[in-house]
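Right, one structure below, let's go through it.
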Amino acid sequence: MLTIKNLKAKIATEEGEKEILKGIDLKVNAGEIHAIMGPNGSGKSTLASVLTGREGYEVTEGEVIFEKKNLLDESPEDRARLGIFLAFQYPVEIPGVSNTNFLKTAINEIRKSKGEEPMSSVDFLKLIKEKAKLVGLDPQMISRYVNVGFSGGEKKRNEIFQLAMLNPKLSILDETDSGLDIDALRTVADGVNKLRTKDNAFIVITHYQRLLDYIVPDFVHVMYDGKIVKSGDKDLALHLEEHGYDWITNDKNAVTV
Amino acid sequence: MNNEETEKTDLKAKLLNNFRDFEKNLNGDAAGIIHEKRKDAIKYFETLGFPVKKLEEWKYTNLTPALKHTFKNPLEEYTSALSENDIKDFLIKKENVNLLVFVNGQFERKLSKICSKNDNVFIGSFSDGMKTHRDIIESHFSKYVNYTNSGLTALNTAFAGEGCFVYAGKGEQISEPVHILCISDAREEVYFSQLRNLIVAEDNSSVNIAEDYYTIGDKHSFTNTVTEIFCEKNSGVEHYKIQNEGPNAYYTGTTQVHQEKDSRYSDTTISWGGAIIRNDLNSVFEGTNTECHFYGLYLLSGKQHVDNHTFADHKSPNCYSNELYKGILDDNSTGVFNGKIMVRPDAQKTNAYQSNNNILISDDSTIYSKPQLEIFADDVKCSHGATSGQLNEDEMFYLQSRGIGRENARTLLLYAYASDVIDSIKFGELKEMIEIKLEKKLKKGD
Ligand SMILES: Nc1ncnc2c1ncn2[C@@H]1O[C@H](COP(=O)(O)OP(=O)(O)OP(=O)(O)O)[C@@H](O)[C@H]1O
Ligand SMILES: [Mg+2]
């Protein structure tokens with residue numbers, strides 16, 4: 002589904018250009034769940050931003066192929082229409098735009114891009130009800146402005162609600178677990194598990210093993226200084242929980258990708 | 354091209370001539386308080402003339418392009434040829450509305466419809482009001498607005514004679530809104546219209562008024578209005594001014610509000626049509642515990658120029674004023690916002706808030722925003738803020754990342770940005786009409 006090859010990206014800062022992604026290789030197939038872990042500042046969110054087309058990053062090398070399309074050539078909205086979704090680490094508040102209006106516009110633009118008719122209001126309301134229940138979002142929140150006045154946890158839940166509504170092929174969850182209480186974490190994870198099919202895939206960025214107890218990954222990758230320095234199965238996460246990152250970062254020669 | 358000064362003088366000289374003709378045709382009306390004021394005002398117009406950029410209050414607004422044209426005075430020879438069909442798109446979709454139609458400043462009786470009528474209420478034209486409510490008009494006319502320091506107000510006062518007159522007697526809550534449709538008929542000729550409105554809300558009364566400006570045809574037009582609003586004790590006036598004029602329309606106008614104890618006044622001014630627009634909105638708090646809201650939205654494109662000058666004059670203690678003006682500027686458009694708050698020495702316990710926000714969509718658009726706070730009392734709460742910037746890119750990206758294209762994302766965000774001004778419109782059917790137009794206008798531009 003997704004192939005990332007030797008992806009390098011830099012940003013322009015006040016002190017000059019700074020390379021953040023230093024050659025990422027990753028392959029994600031339909032039906033898989035990949036976890037990406039790694040210390041603060043290692044480039045996890047940057048990878049998510051580059052994959053979704055946020056401005057400000059310059060890709061200097063490498064390529065990203067998503068279902069045979071060169072993803073880096075597409076606009077952010079077209080990537081979303083192709084089926085890529087990012088649950089943001091820090092969702093923004095948008096005063097004046099209601100969740101309903103926002104989602105209705107999004108769904109209908111995605112449908113339009115596929116040559117489909119707009120969704121009827123009845124179907125839309127049905128879908129909202131169903132998906133709100135799935136992720137345990139208070140339906141009251143849906144009529145409110147996007148994320149305005151939402152608690153940290155509510156914002157995260159709202160991201161997963163949007164994911165459920167848009168039904169993407171590839172979902173990137175950037176630290177969705179941070180800010181969620183234990184019960185919320187379980188509901189959200191259950192929601193994700195229910196959304197899982199053999200045709201979609203998830204990249205789960207997290208610092209904690211806890212989330213991976215619920216959303217069990219097929220692969221775990223460690224990102225360090227803009228590169229994936231280690232990959233393994235779910236046991237790698239357990240090992241990291243116990244030993245931290247030192248054992249990897251101190252001995253970079255031990256890297257196997 | 355001719356010399357600007359000559360042209361200006363031409364229009365002024367023409368207007369001074371017009372005044373003599375106007376006087377001759379007044380007949381019985383030439384005797385009385387109102388005509389005394391007219392005669393006095395024309396002298397001021399003769400001295401002051403049209404405002405020039407040298408004046409501090411006109412620093413950013415240049416009327417010269419408007420003064421170049423050889424405008425006709427509708428008083429000379431004018432009969433409107435507009436039919437109901439011509440104005441049907443301008444009507445507010447509500448059954449019980451008092452509709453007053455003015456075409457080039459002249460009252461169109463056959464297109465108008467008045468539904469609120471009783472001994473204690475008058476809604477109609479200024480000239481009709483003079484027949485039945487002369488005493489009331491004379492006791493308020495030109496009492497609040499000052500023509501000795503404004504050439505445009507002097508000009509309007511000199512030609513005062515037509516416009517709308519609304520009278521809500523003591524205790525009258527007029528539930529049917531007043532829709533004043535002011536149309537510039539610019540299909541054949543270029544006209545310079547003067548419109549003079551007077552709103553009198555007596556003790557404990559209330560009324561809602563929407564001034565709505567449109568142009569038909571694409572010749573030039575110039576409308577200069579003065580609206581005086583008298584809010585007696587504990588009265589409430591909701592006022593809307595919607596400027597939908599065409600790309601060759603010039604507009605200048607002053608709204609002067611006089612607020613007595615416990616009164617409430619609220620104005621929402623929406624400006625999105627017209628070549629040059631200058632609005633002056635002044636409210637003087639003559640009594641304690643009054644409340645005043647000024648809301649404004651200007652959505653500009655092309656070479657449009659809109660100048661909003663507002664003035665909340667806190668003369669009495671315990672009054673509240675709140676102001677929110679928002680601008681969206683595209684292409685080569687220019688916005689001017691000058692918000693003055695004066696807290697006079699007696700006005701203790703004043704609460705006065707003001708904010709002006711601007712989104713500059715294009716690099717070539719310009720905003721001049723100036724708060725002007727003059728505070729002479731010590732126990733006051735005042736705040737003001739002005740911002741100008743671009744659309745928030747994080748918000749844009751969030752919407753795009755959900756599949757919403759840049760165009761639609763922009764429309765959603767700008768619509769949301771304007772919504773707190775739109776929400777100040779309590780007249781539901783008018784609000785709906787504005788919402789539909791706003792969305793259309795946002796979608797069209799890019
Ligand atoms: N716009 C920017 N300007 C300056 N530096 C940036 C910018 N974006 C990212 N960086 C830097 O790039 C590096 C990677 O940041 P990124 O947010 O991708 O890390 P992360 O792995 O997601 O960290 P965390 O676990 O804390 O979320 C950091 O050093 C960060 O400071
Ligand atoms: Mg991050």
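Protein sequences, first through last, are from chains A and B. So for the first sequence, my numbering puts the first residue at 2; every next one is plus one. So for the second sequence, my numbering puts the first residue at 354; every next one is plus one. Here a beta-carbon is modelled for each residue, glycine too, at the ideal position from N, C-alpha and C. It should be emphasised that the depicted structure is a prediction, and the values quoted were computed from it without experimental measurement.
Residues that residue i bridges to, as DSSP identifies them
{"i": "L795/B", "result": "Beta-bridge pairing links L795/B to no other residue."}
{"i": "Q725/B", "result": "K693/B"}
{"i": "G477/B", "result": "F518/B"}
{"i": "H422/B", "result": "According to DSSP, H422/B bridges with nothing at all."}
{"i": "V136/A", "result": "DSSP, once it has assigned bridges, lists no residue as partnering V136/A."}
{"i": "T605/B", "result": "N577/B, R631/B"}
{"i": "D178/A", "result": "D178/A pairs with nothing; no bridge assigned."}
{"i": "Y544/B", "result": "K425/B, S574/B"}
{"i": "G688/B", "result": "V659/B, I720/B"}
{"i": "A539/B", "result": "The partner list for A539/B (beta bridge, DSSP) is empty, contrary to what the question assumes."}
{"i": "Y567/B", "result": "I536/B"}
{"i": "G17/A", "result": "T14/A"}
{"i": "N675/B", "result": "H646/B, Y706/B"}
{"i": "K9/A", "result": "K23/A, E62/A"}
{"i": "D620/B", "result": "H592/B, F647/B"}
Through-space distance from residue j to residue i, alpha-carbon basis
{"i": "G153/A", "j": "G180/A", "result": "6 angstroms"}
{"i": "V256/A", "j": "T106/A", "result": "Unreliable positioning characterises V256/A in this predicted model, as indicated by a pLDDT of 46, which lies under 50. A coordinate reading is not provided."}
{"i": "H222/A", "j": "A36/A", "result": "6 angstroms"}
{"i": "V498/B", "j": "Q609/B", "result": "6 angstroms"}
{"i": "N356/B", "j": "N378/B", "result": "Residue placement at N356/B is flagged as unreliable, the pLDDT there being 44, under the threshold of 50; the coordinate-derived value follows with that caveat. One C-alpha to the other measures close to 33 angstroms."}
{"i": "S636/B", "j": "N685/B", "result": "32 angstroms"}
{"i": "K365/B", "j": "L401/B", "result": "10 angstroms"}
{"i": "E18/A", "j": "L3/A", "result": "28 angstroms"}
{"i": "I204/A", "j": "G42/A", "result": "18 angstroms"}
{"i": "T359/B", "j": "K421/B", "result": "Any reading at T359/B is ruled out, since the residue's pLDDT is 49, under 50, leaving its predicted position unreliable."}
{"i": "E78/A", "j": "I757/B", "result": "6 angstroms"}
{"i": "T809/B", "j": "T621/B", "result": "Outside the shown range of chain B, which is 354 to 799, sits residue 809/B, and nothing can be said about it."}
{"i": "I173/A", "j": "Y225/A", "result": "18 angstroms"}
{"i": "T764/B", "j": "T414/B", "result": "29 angstroms"}
{"i": "V258/A", "j": "S232/A", "result": "With a pLDDT of only 41 at V258/A, under the threshold of 50, the placement of this residue in the model should not be trusted, and no figure is reported."}
{"i": "K794/B", "j": "K127/A", "result": "32 angstroms"}
{"i": "M120/A", "j": "E110/A", "result": "10 angstroms"}
{"i": "L167/A", "j": "R755/B", "result": "8 angstroms"}
{"i": "C645/B", "j": "R462/B", "result": "33 angstroms"}
{"i": "R617/B", "j": "N201/A", "result": "59 angstroms"}
{"i": "S674/B", "j": "V149/A", "result": "27 angstroms"}
{"i": "A730/B", "j": "V450/B", "result": "43 angstroms"}
{"i": "Q753/B", "j": "N761/B", "result": "9 angstroms"}
{"i": "M354/B", "j": "D683/B", "result": "Low confidence applies here, because M354/B scores a pLDDT of 41, under 50, leaving its location unreliable; read the following figure in that light. Computed Cα separation, rounded: 29 angstroms."}
Whole-number beta carbon distance between residue j and residue i, since they are thought to touch under 8 angstroms
{"i": "L138/A", "j": "F103/A", "result": "The pair is not a contact, with the Cβ atoms about 14 angstroms apart (cut-off 8 angstroms)."}
{"i": "E155/A", "j": "F89/A", "result": "That pair is no contact at about 14 angstroms."}
{"i": "D565/B", "j": "I527/B", "result": "Wrong, their Cβ atoms sit about 18 angstroms apart, outside the cutoff."}
Neighbour flag for residue i against chain A, beta carbons, 8 angstroms
{"i": "S772/B", "result": "yes"}
{"i": "I757/B", "result": "yes"}
{"i": "A769/B", "result": "yes"}
{"i": "N761/B", "result": "yes"}
{"i": "D799/B", "result": "Interpretation of D799/B is limited by its pLDDT of 41, a score under 50 that renders its predicted location unreliable; no figure is taken from the coordinates."}
Any chain B beta carbon closer than 8 angstroms to residue i
{"i": "V93/A", "result": "yes"}
{"i": "R158/A", "result": "no"}
{"i": "E18/A", "result": "no"}
{"i": "G97/A", "result": "yes"}
{"i": "Q90/A", "result": "no"}
{"i": "R187/A", "result": "no"}
{"i": "E117/A", "result": "no"}
{"i": "I111/A", "result": "yes"}
{"i": "E131/A", "result": "no"}
{"i": "V258/A", "result": "Residue confidence for V258/A is low, a pLDDT of 41 falling below 50, so the modelled location carries little weight and cannot support an answer."}
{"i": "R145/A", "result": "no"}
{"i": "T53/A", "result": "yes"}
For the region 476–483 of chain B and the region 571–581 of chain B, state whether three or more C-beta atom pairs, one from each stretch, are separated by less than 8 angstroms. Segment contact: the region 476–483 of chain B against the region 571–581 of chain B, fewer than three CB-CB distances shorter than 8 angstroms; contact not assigned.
Three or more C-beta pairs closer than 8 angstroms, one from the region 234–249 of chain A and one from the region 44–54 of chain A: is that the case here? No contact exists between the region 234–249 of chain A and the region 44–54 of chain A.
Touching by the beta-carbon criterion (3+ pairs, under 8 angstroms), the region 77–89 of chain A and the region 109–120 of chain A: Segment contact: the region 77–89 of chain A against the region 109–120 of chain A, three or more CB-CB distances shorter than 8 angstroms; contact assigned.
Three Cβ pairs or more, each shorter than 8 angstroms: is that satisfied between the region 541–556 of chain B and the region 504–514 of chain B? With a cut-off of 8 angstroms on Cβ pairs, the region 541–556 of chain B is in contact with the region 504–514 of chain B, counting three or more such pairs.
For ligand 4, list every residue whose C-beta falls under 7 angstroms from any of its heavy atoms, going in chain order. With respect to ligand 4, the structure offers nothing, as its ligand set consists of ligand 1 and ligand 2.
Three-pair Cβ contact test at 8 angstroms for the region 6–13 of chain A versus the region 192–206 of chain A: With a cut-off of 8 angstroms, the region 192–206 of chain A and the region 6–13 of chain A do not count as touching, because too few Cβ pairs lie within range.
Just checking, does the region 682–697 of chain B make contact with the region 713–728 of chain B on the three C-beta pairs under 8 angstroms criterion? When Cβ pairs closer than 8 angstroms are counted between the two stretches, the region 682–697 of chain B is seen to touch the region 713–728 of chain B, the count reaching three or more.
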